[in-house]
Amino acid sequence: MEATGGTEVKNIGDALMVSYASAADALDGAVAMQQNVEEQNLTGDGPRLAMRVGMSAGDATFEDGD
């Protein structure tokens with residue numbers, strides 16, 4: 169996440185909300201997360217993990233500390 173310029177805004181359980189300066193940076197971050205999970209699935213000994221990524225665009229506002 170940090171490697172692609174993302175800033176963690178919030179996490180709940182296994183979900184993350186991350187802010188990026190641009191849509192292109194957000195896409196790079198999403199792809200990097202998916203590639204990292206797939207690499208772990210191929211080389212790790214544990215159970216295979218599945219993930220989904222959702223993206224939204226627009227001006228960010230802060231409410232209630234988020």
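So the sequence shown is numbered by this note's numbering: it starts at 169 and just counts up by one.
All C-beta atoms in this analysis are idealised placements derived from N, C-alpha and C, irrespective of residue type, glycine included.
Since the structure is predicted, the reported quantities are computational estimates derived from the model, not experimental observations.
Secondary structure at THR175: strand, using DSSP grouped into helix, strand and coil. Within 10 angstroms of the beta-carbon of VAL186 lie 16 or more other beta-carbons, which makes it buried.
Note: ALA183 is bridge-paired with ILE180 in the DSSP secondary-structure output.
Taking 9 angstroms as the cut-off, the beta carbon of ALA191 is found closer than this to the beta carbon of MET223.
Taking the Cα positions, GLY181 is about 15 angstroms away from LEU217.
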